[in-house]
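Order-wise, the sequence lines are chains A and B.
Residue numbers in the first sequence follow this note's numbering, run continuously in steps of one, and reach 359 at the last position.
Residue numbers in the second sequence follow this note's numbering, run continuously in steps of one, and reach 359 at the last position.
Virtual Cβ for every residue (Gly too), placed ideally from N, Cα, C.
Everything below concerns the one structure shown next.
Number of protein chains: 2
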Amino acid sequence: MVRVAYHDLLDALRRALDTLGFDARRAGLCARLIADANRDGVASHGLNLLPRVVTMIRAGIVDVTAEPVRIAAAGALERWSGNRGPGNLNAYACMARAIVLAQEHGVGCVALADTNHWMRGGTYGWQAADAGAIGLCWSNTMPNLPPWGATKPLVGNNPLVIAVPRADGHLVLDMAISQFSFGALAAYRTRGERLPVPGGFDENGALTDDAAAIESTGRLLPIGFWKGSGLAIVLDVIAALLAGGRATHEITARPEKETGLSQVFIAFDPMWCAGSANTGLADRIVASLSTESGDEQVRYPGQRTRALREIHLRDGVPVDPSAWQFVQSMA
Amino acid sequence: MVRVAYHDLLDALRRALDTLGFDARRAGLCARLIADANRDGVASHGLNLLPRVVTMIRAGIVDVTAEPVRIAAAGALERWSGNRGPGNLNAYACMARAIVLAQEHGVGCVALADTNHWMRGGTYGWQAADAGAIGLCWSNTMPNLPPWGATKPLVGNNPLVIAVPRADGHLVLDMAISQFSFGALAAYRTRGERLPVPGGFDENGALTDDAAAIESTGRLLPIGFWKGSGLAIVLDVIAALLAGGRATHEITARPEKETGLSQVFIAFDPMWCAGSANTGLADRIVASLSTESGDEQVRYPGQRTRALREIHLRDGVPVDPSAWQFVQSMA
Chain A
29 MVRVAYHDLL
39 DALRRALDTL
49 GFDARRAGLC
59 ARLIADANRD
69 GVASHGLNLL
79 PRVVTMIRAG
89 IVDVTAEPVR
99 IAAAGALERW
109 SGNRGPGNLN
119 AYACMARAIV
129 LAQEHGVGCV
139 ALADTNHWMR
149 GGTYGWQAAD
159 AGAIGLCWSN
169 TMPNLPPWGA
179 TKPLVGNNPL
189 VIAVPRADGH
199 LVLDMAISQF
209 SFGALAAYRT
219 RGERLPVPGG
229 FDENGALTDD
239 AAAIESTGRL
249 LPIGFWKGSG
259 LAIVLDVIAA
269 LLAGGRATHE
279 ITARPEKETG
289 LSQVFIAFDP
299 MWCAGSANTG
309 LADRIVASLS
319 TESGDEQVRY
329 PGQRTRALRE
339 IHLRDGVPVD
349 PSAWQFVQSM
359 A
Chain B
29 MVRVAYHDLL
39 DALRRALDTL
49 GFDARRAGLC
59 ARLIADANRD
69 GVASHGLNLL
79 PRVVTMIRAG
89 IVDVTAEPVR
99 IAAAGALERW
109 SGNRGPGNLN
119 AYACMARAIV
129 LAQEHGVGCV
139 ALADTNHWMR
149 GGTYGWQAAD
159 AGAIGLCWSN
169 TMPNLPPWGA
179 TKPLVGNNPL
189 VIAVPRADGH
199 LVLDMAISQF
209 SFGALAAYRT
219 RGERLPVPGG
229 FDENGALTDD
239 AAAIESTGRL
249 LPIGFWKGSG
259 LAIVLDVIAA
269 LLAGGRATHE
279 ITARPEKETG
289 LSQVFIAFDP
299 MWCAGSANTG
309 LADRIVASLS
319 TESGDEQVRY
329 PGQRTRALRE
339 IHLRDGVPVD
349 PSAWQFVQSM
359 A
């Protein structure tokens, strides 16, 4: 990793996206969402994904000019089509819309069909929490995870994001349903480290903490074994049903062809979340984790992100050298 | 386990509840919800919980005459108080209300404060799916699970239920955030079996599949290790925030004193779920799990429940002999 100033990263991304046909406003937002992922320590779902996105744009799979449109509405629930536009712009627009619906109806839900990889899922959790809203969203994916009882990837690792606003640091859970992502497995392998807990099956069908063995079988573990397997299934069904979109088994199982995803964005009214009954509640919950545990290390979701953000804004944002070279070469 | 006819179980429960001061209508519903848990193979959260509930009723912790009341409303989002009434009746009423709100607004959410243990969480998922609605609900609990990085139980195992209606068998996920419940650990210990996967830590702080060792440390594992730990935290915060109720760290950590819980019930409009864009979608997803996996054993959530229900209605519902003796002695 090399470090670059946040604004240099943002500028380089904006210039690169300009060359792909994004209009200026959308290039600016798309660049910010990608730069923010690296700023927050999630390079795997920020700059590192850009080469794949560019490939898909050039192949006509992602349409940079496509805007999401509303297809159907029933009060607080709406169905949008992403029209195969950039996944992060579609997702950002739909969480923004869910927040507006929540302000009108107390709770709001936008189900999005025909979209693309949303890149860093946590983005839309931070977006909701920054607006003072509780946010809950998930995406289906191509088949990339064997359900419990199978050896082949029949379900998606369907990332799930849950965010709660808090003045002194939002709580943002951003997790895929697999115990480790492919990116995490590669990182452990490269560093020559064992996984901290078993992450999948080896070629003999035994649980293993050897990342390379899991990469070779493709048999990643769902979180909680059979529990995560069931969770992945229902998240997929709900996203496809509410959005009227595709389910995991209908999505091409190759990363550079993965399109037509279904996603769900739910928000709760910021005024409700900030109600007087709630004053200081999230703070007390966070405090209870550290106070009562003495010197143990209990982290709340989002805690590490916030710490990294501060460090990276001060000392520079870590970027993968080849990805940084890629974006600079485009501009 | 002994087997009794479903209707004999239901009648015995109704008579037992009559003696506790429930009115006839509520005794009938409460009895049905408990009998249905055993019928569906979840005796641990059905009849086996009755002695504890009766103890709490006699101690004045659960008020059998208390009805849930609406405290606040903002369109599709409502806050109710359970008034420390029977947990399953409160939860059932709130999921029913969420379904009505969903019919009016597309999506509906009821947050419930000051309630009691809802017994079998899956009940409210089946309830939603039987009404044609997608249902999503969860409860916080007393502290009974060490978060990742701690040795003491600072978070709840906060059961999460997600249900999708389907003509040929609903999909209903009903899972606690711990990998195994205390009931499951006891069952493995009694049978002298190892857990199928590690379920917690032994006294040396090592992961173990020895149920007795985990019961002795109380260090159960969250699903997905750090992931389930984060999930338990955000589910608790959201339930307490939306309901204006208590968070896990404010709940007495003794089963027979566990009261004042916070819960969330979300439903999506049955008409939307049954829309023409969705015809057969859930069936195709279920089919994709078996077809593509050949002879592998992939189950969808709820599949086993439905099979057990059929067997138990035909051959008798399994009941724990001492719990059955308990309910008969009350009537």
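Asked, Found
"Spatial distance of Ala157 of chain A from Asp238 of chain B (CA atoms)", "41 angstroms"
"Presumed contact (8 angstroms Cβ cut-off) between Gly288 of chain A and Gly273 of chain A, rounded CB distance", "7 angstroms"
"Gln131 of chain A - containing alpha helix (DSSP H), residue span", "115-133"
"Test: Lys285 of chain B CB closer than 7 angstroms to a CB of chain A", "no"
"Candidates A:Gln331, A:Gln353, A:Asp264: closest to Arg312 of chain B by CA position", "A:Asp264"
"Alpha-carbon to alpha-carbon, Ala215 of chain A and His145 of chain A", "21 angstroms"
"Interface partners of Phe293 of chain B on chain A, CB under 8 angstroms", "None at all; the shortest Cβ gap to chain A is about 11 angstroms."
"Euclidean distance between Cα positions of Ala315 of chain B and Pro250 of chain A", "20 angstroms"
"Segment contact, 8 angstroms Cβ cut-off, at least three pairs: the segment 99-109 of chain A with the segment 147-155 of chain A", "no"
"Straight-line Cα distance separating Leu78 of chain B from Ser350 of chain B", "11 angstroms"
"Stretch pair the segment 193-213 of chain B + the segment 292-302 of chain A: three plus CB contacts closer than 8 angstroms", "no"
"Exposure of Leu341 of chain A, with buried meaning 16 or more beta-carbon neighbours within 10 Å", "exposed"
"The segment 243-262 of chain A / the segment 110-118 of chain A touching (three or more Cβ pairs under 8 angstroms)", "no"
"Cutoff 7 angstroms: Tyr216 of chain B Cβ touching any chain A Cβ", "no"
"Inter-residue Cα distance where the pair is Asp51 of chain A and Trp166 of chain B", "43 angstroms"
"Assigned secondary structure, Leu259 of chain A (DSSP; H/G/I helix, E/B strand, else coil)", "helix"
"Contact residues within the segment 166-183 of chain A, judged by C-beta distance below 9 angstroms to chain B", "Pro171, Pro174, Pro175, Trp176, Gly177, Ala178, Thr179, Lys180, Leu182, Val183"
"Cβ of Tyr152 of chain A within 7 angstroms of any chain B Cβ", "no"
"Per-residue contacts from Ala268 of chain B into chain A (C-beta, under 7 angstroms)", "Leu309"
"Interface flag, Cys301 of chain A vs chain B, CB-CB below 7 angstroms", "yes"
"Beta-carbon gap between Leu182 of chain A and Met203 of chain A smaller than 7 angstroms", "no"
"Cβ of Asp297 of chain B within 7 angstroms of any chain A Cβ", "yes"
"Touch test, the segment 119-130 of chain A against the segment 84-93 of chain A, Cβ-Cβ under 8 angstroms, three pairs minimum", "no"
"Exposed unless 16 or more other CB atoms sit within 10 angstroms - verdict on Asn185 of chain A", "buried"
"Amino acids of chain B, ordered along the chain, whose beta-carbon sits closer than 7 angstroms to that of Ser316 of chain A", "Leu182, His277"
"Span of the beta strand (DSSP E), counted from its first residue to its last, around Glu106 of chain B", "105-109"
"Cα-Cα separation, Phe296 of chain A to Pro283 of chain B", "31 angstroms"
"CA nearest to the CA of Ala275 of chain A, picked from A:Ile85, A:Asn172, A:Arg334, A:Leu336", "A:Asn172"
"Residue from A:Thr179, A:Ala104, A:Ser109 whose Cα sits closest to the Cα of Glu132 of chain A", "A:Ala104"
"Min CB distance Gly211 of chain A to chain B below 7 angstroms", "no"
"Arg98 of chain A, enclosing beta strand (DSSP E) - first and last residue", "97-102"
"Cut-off 7 angstroms between Cβ atoms - residues of its own chain near Ala94 of chain B, not counting five sequence neighbours on either side", "Asn111, Arg112, Gly113"
"Rounded C-alpha distance that separates Leu270 of chain A from Ala281 of chain A", "22 angstroms"
"Sub-7 angstroms separation of Asp43 of chain B and Gly56 of chain B beta-carbons", "Checking the sequence, you will find Arg at residue 43 of chain B rather than Asp. In this structure, Gly56 of chain B does not lie closer than 7 angstroms to Arg43 of chain B by Cβ."
"Residue-level contact to chain A via CB, Pro329 of chain B, 7 angstroms cutoff", "yes"
"Members of the segment 98-119 of chain B near chain A, C-beta cut-off 7 angstroms", "Ala102, Gly103, Ala104, Leu105"
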